[in-house]
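Worksheet: the structure to be examined is printed underneath.
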Amino acid sequence: MSANEVASKRIPVTTEIWESLSKLKRPGQTYTSLLEEMIALKEEYDFMMHLEEIEKKGDFISLKDAAHELHLDDTA
């Protein structure tokens with residue numbers, strides 16, 4: 001991303017949010033880097049929540065039973 005692209009984007013936030021972001025940012029870290037890190041953490045969190053939901057609602061069988069149903073356990 002070029003410096004021009006970074007400079008042309010604005011995200012309006014409240015003073016409270018700006019202060020919170022400033023506290024999270026490490027010395028020398030850009031806001032772009034901070035936001036990238038936050039996005040990655042949110043995506044990971046969402047994925048883990050999705051897996052937990054699948055685990056709660058899912059109907060699972062053992063790998064051995066699945067292999068049998070798919071005829072993958074037969075030896076020639």
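Taking full-length UniProt numbering, the leading residue of the sequence shown gets 1, the next gets one more, and so forth.
Glycine included, every Cβ here is placed at the ideal spot set by N, Cα and C.
Reduced DSSP category for residue i - H, G, I as helix; E, B as strand; rest coil
i: I61; result: coil
i: S33; result: helix
i: H71; result: coil
i: T15; result: helix
i: S22; result: helix
i: K42; result: helix
Residue i to residue j span [Cα, whole Å]
i: A76; j: L63; result: Because the pLDDT of A76 is 47, which lies under 50, any placement of that residue in the model is unreliable, and the number read from its coordinates should be weighed accordingly. Rounded to whole angstroms, A76 to L63 spans 20 Å at the Cα level.
i: L21; j: S8; result: 20 Å
i: S42; j: T15; result: Per the sequence presented here, residue 42 reads as Lys, with Ser not at that position. Taking the straight line from one Cα to the other gives about 22 Å.
i: E26; j: E69; result: A quick correction: the sequence has Arg, not Glu, at residue 26. Spanning the two alpha carbons is a distance of roughly 53 Å.
The ligand SAM heavy atom lying under 7 Å from the CB of residue i
i: V13; result: Ligands displayed in this structure: none; no statement on the ligand SAM is therefore possible.
Nearest-angstrom beta carbon gap, residue j and residue i [assumed within contact, 8 Å]
i: L24; j: L34; result: 6 Å
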